[in-house]
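When you line the sequence shown up against the working numbering, it's residues 15 to 132, in that order.
For each residue, glycine too, the CB sits at the ideal point set by N, CA and C.
Data first, discussion second: the structure below is written as structure tokens.
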Amino acid sequence: MYKNFRDFKVWEKSHDLVKDTYNSRFNFDGGEKYGLNSQIRRAAVSIPANIAEGCERRNNKEFVQFLYIAKGSLSELRYYLLLCSELHFLSEVDFKRLNDKCEQVNKMLSSLISKIPV
């Protein structure tokens, strides 16, 4: 229904957020290296993946639904980042950088949703 997902700036920014999340240094101990790290990566990847999937849907209502799912995954990621910061698994500098990127993606998603007639 919509243009290629790569043409959306919000997809590009969320894709960059995924790469930055993967490349960030988390100082997990023991099992958290696999547990929480996996959840963080899953939530991050879900954001651009849902934008991409939504682009292939038949109508605006379905596309917007996938954008809301992306926003939900973004909120989940923001919680994990906050938790990691409070547990000292993530430095304050890295937390701020990633959280700022999350805020930017959130604003872009909200803007895109508001522009799509349903």
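Item checked: Same chain, Cβ closer than 7 Å to Asn-113, neighbours up to 5 away in sequence not counted -> These residues qualify, in order along the chain: Arg-92, Leu-95.
Notebook entry, point to check: Using 8 Å as the threshold, is the region 65-81 in touch with the region 30-48, meaning 3 or more CB pairs across them?
Noted result: no
Check: Buried or exposed: Ile-130, going by 16 or more other Cβ atoms within 10 Å of its Cβ?
Finding: exposed
Checklist line | Opening and closing residue of the alpha helix (DSSP H) in which Ile-114 lies | finding: The residue you asked about is not Ile; residue 114 is Asp in the sequence shown. Residues 106-129.
Note to self: I'd like the span of the alpha helix (DSSP H) that includes Val-24, first residue to last.
What the structure shows: First-last of the alpha helix (DSSP H) with Val-24: 23-37.
Check: Can you tell me whether DSSP reads Phe-19 as helix, strand or coil?
Finding: helix
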